[in-house]
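Trainee: Residue numbers for the sequence shown follow this note's numbering, beginning at 82 and rising by one.
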Amino acid sequence: MTALATVAFAIAAFAPAGLAADVTDIGYVDQAALSSIPSFLSANRQLAAYKAQLDRQFARQLRGVRDAGTQARIGQQYQNRLAQRQRDLFGPLFQRAQVAIASVASSKNLSVVVDKRIVVFGGQDVTGSVEQLLSGPGDPIPPVSSPPPSSVGYVDQAQIDTIPRLKAANDDFQKFQAAQQQQAQTKLRQAKNDAERQAVLKNYQATLADRQKQTIQPLVDQTRDAIADVAKKKGLLLVIDRSNLIYGGTDITSDVTTALK
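1) According to DSSP, is Ile308 part of a helix, a strand, or is it coil?
2) Report the partner residues of Asp196 according to the DSSP bridge assignment.
3) Could you give the uninterrupted runs of the beta strand (DSSP E) lying entirely in the region 154–230, keeping only those of 3 residues or more?
4) What do you get for Gly330, buried or exposed, if any count of 16 or more other CB atoms within 10 angstroms of its CB means buried?
5) With a threshold of 16 other CB atoms inside 10 Å of the CB of Lys313, please say whether the residue is buried or exposed.
6) Could you pull out every residue in the same chain whose Cβ sits closer than 8 Å to the Cβ of Ala178, ignoring the five residues on either side in sequence?
7) Going by C-alpha to C-alpha distance, which of Leu318, Leu317 and Asp332 sits closest to Ser324?
8) Please state whether DSSP places Thr105 in a helix, a strand or coil.
9) What does a CB cutoff of less than 6 Å around Thr339 pick up in its chain, not counting 5 residues either side in sequence?
10) Anyone know if the C-beta pair for Leu135 and Gly234 falls short of 9 Å?
11) Can you give me the Cβ contacts of Val185 inside the same chain, cut-off strictly under 7 Å, excluding the 5 residues immediately before and after it?
12) Determine contact between the region 137–151 and the region 191–199, defined as no fewer than three beta-carbon pairs at a distance below 8 Å.
13) Among residues of its own chain, excluding the 5 on either side of Ala149, which ones have a beta-carbon nearer than 7 Å to its beta-carbon?
14) For Ala102 and Ala309, I'd like the C-alpha separation in whole angstroms.
15) How about Gly156: is its C-beta nearer than 9 Å to some C-beta of chain B?
16) Determine the closest residue to Lys342 out of Gln261, Ile297 and Thr304, with distance taken between C-alpha atoms.
17) Taking the beta strand (DSSP E) that Leu319 belongs to, which residues open and close that run?
18) Check this for me: beta carbons of Phe254 and Ile297, under 9 Å apart or not?
19) Looking at Ala260: is its Cβ nearer than 9 Å to the Cβ of Pro228?
20) In chain order, which continuous runs of the alpha helix (DSSP H) of length 4 or greater are located wholly inside the region 247–272?
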């Protein structure tokens, strides 16, 4: 996770006081609950069995291997095969779930569906309807129409983090953090008692917080301001991060990126 994302990137960058009365077309899904559907449980069991088999296979391959390069290559092969198996098992299930969510959203005239974990109050819970579609026979039928225009916008924080000056700040902070961590580890080894160790840790945390406040926080504030400005211009009531969006929404990532360059 980047430093910018760590400093509490705003889930709601622009949300007027009257929001609750204006977002009746917003639904939410408990994605964690969907994992208990039989098809997902079966996929998890298959993945666990495959991983156990793969663990035994690669343990045999690593026996007697002393070369670090060979060990790294074998480890990478292991990760690649496990990731591919995961995609094979869950890819079709995720696609089917996406169609089911879109179908339910369309039938209930929802313009956007978000993950339940970001909802504190309001919205329509469509988890049960989605579960029924996914548990039924056959494949869910995709909606004929596209999502209607939404007053909820979203930004792709990962894409924003690639803006050169933001990326440079993140990279510099990560290097600074690594250097400070190395220094702290050396001091911890030299510490004679718990009090000295606590002092080292306290100083390490304070140094990072100060550096973050000086170099990262101003960029976080600029990002929030840019999102709020774009949201106002487009008449959006709420802006969330792309990772929390499941269906619909208005993408303002490009506009925010332009404003920050």
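Note that the Cβ used here is the ideal one computed from N, Cα and C, for glycine as well.
Mentor: Put simply:
1) Taking the first residue of the sequence shown as position 1, residue 308 is located at position 227. The answer is helix: DSSP assigns Ile308 an H, G or I state.
2) Position 115 of the sequence shown, counted from the start, is the residue given in the question as residue 196. Asp196 pairs with Val110.
3) For secondary structure counted as the beta strand (DSSP E) over 3 or more consecutive residues, the region 154–230 holds these complete runs in sequence order: 193–196.
4) Counted from its first residue, the sequence shown places residue 330 at position 249. So Gly330 ends up on the buried side.
5) As a position in the sequence shown, residue 313 is number 232, starting the count at 1. Label assigned to Lys313: exposed.
6) Here residue 178 corresponds to residue number 97 of the sequence shown, with the count starting at 1. So the qualifying residues of the chain are Leu115, Val211 and Leu215.
7) Here residue 324 refers to the residue found at position 243 when the sequence shown is read from its first residue. Nearest neighbour of Ser324 by Cα position, chosen from Leu318, Leu317 and Asp332, turns out to be Asp332.
8) Against the sequence shown, residue 105 aligns to sequence position 24. In the structure shown, Thr105 sits in coil (DSSP, three-state: anything other than H, G, I, E or B).
9) Translated into positions along the sequence shown, residue 339 becomes position 258. Answer for Thr339: no residue qualifies.
10) Here residue 135 refers to the residue found at position 54 when the sequence shown is read from its first residue. Here residue 234 refers to the residue found at position 153 when the sequence shown is read from its first residue. In this structure, the beta-carbon distance from Leu135 to Gly234 does not fall below 9 Å.
11) The residue you call residue 185 lines up with position 104 of the sequence shown. The beta carbon of Val185 is closer than 7 Å to those of Val207, Ser210, Val211 and Leu214 in its chain, skipping five residues each way along the sequence.
12) Pairwise C-beta distances place the region 137–151 out of contact with the region 191–199, as fewer than three of them are shorter than 8 Å.
13) In the sequence shown, residue 149 corresponds to position 68, counting from 1. Sequence-distant partners of Ala149 (beyond 5 residues in either direction) whose C-beta falls short of 7 Å from its own C-beta are missing from its chain.
14) Translated into positions along the sequence shown, residue 102 becomes position 21. Translated into positions along the sequence shown, residue 309 becomes position 228. Any reading at Ala102 needs caution, since the residue's pLDDT is 44, under 50, leaving its predicted position unreliable; the model's value is listed next. So the two alpha carbons sit approximately 20 Å from each other.
15) No chain B is present in this structure, which holds just one protein chain.
16) As a position in the sequence shown, residue 342 is number 261, starting the count at 1. Among Gln261, Ile297 and Thr304, the Cα nearest to that of Lys342 belongs to Thr304.
17) Numbered from 1 along the sequence shown, position 238 holds the residue referred to as residue 319. Looking at the DSSP string, the run of the beta strand (DSSP E) that includes Leu319 is Leu319 to Asp322.
18) Reading the sequence shown from its first residue, position 173 is the one you call residue 254. Reading the sequence shown from its first residue, position 216 is the one you call residue 297. Yes. Within cutoff.
19) In the sequence shown, the residue the question calls residue 260 occupies position 179. In the sequence shown, the residue the question calls residue 228 occupies position 147. No; because the gap between Cβ atoms is not below 9 Å, this pair is not in contact.
20) For the region 247–272, not a single whole alpha helix (DSSP H) run of length 4 or above is found.
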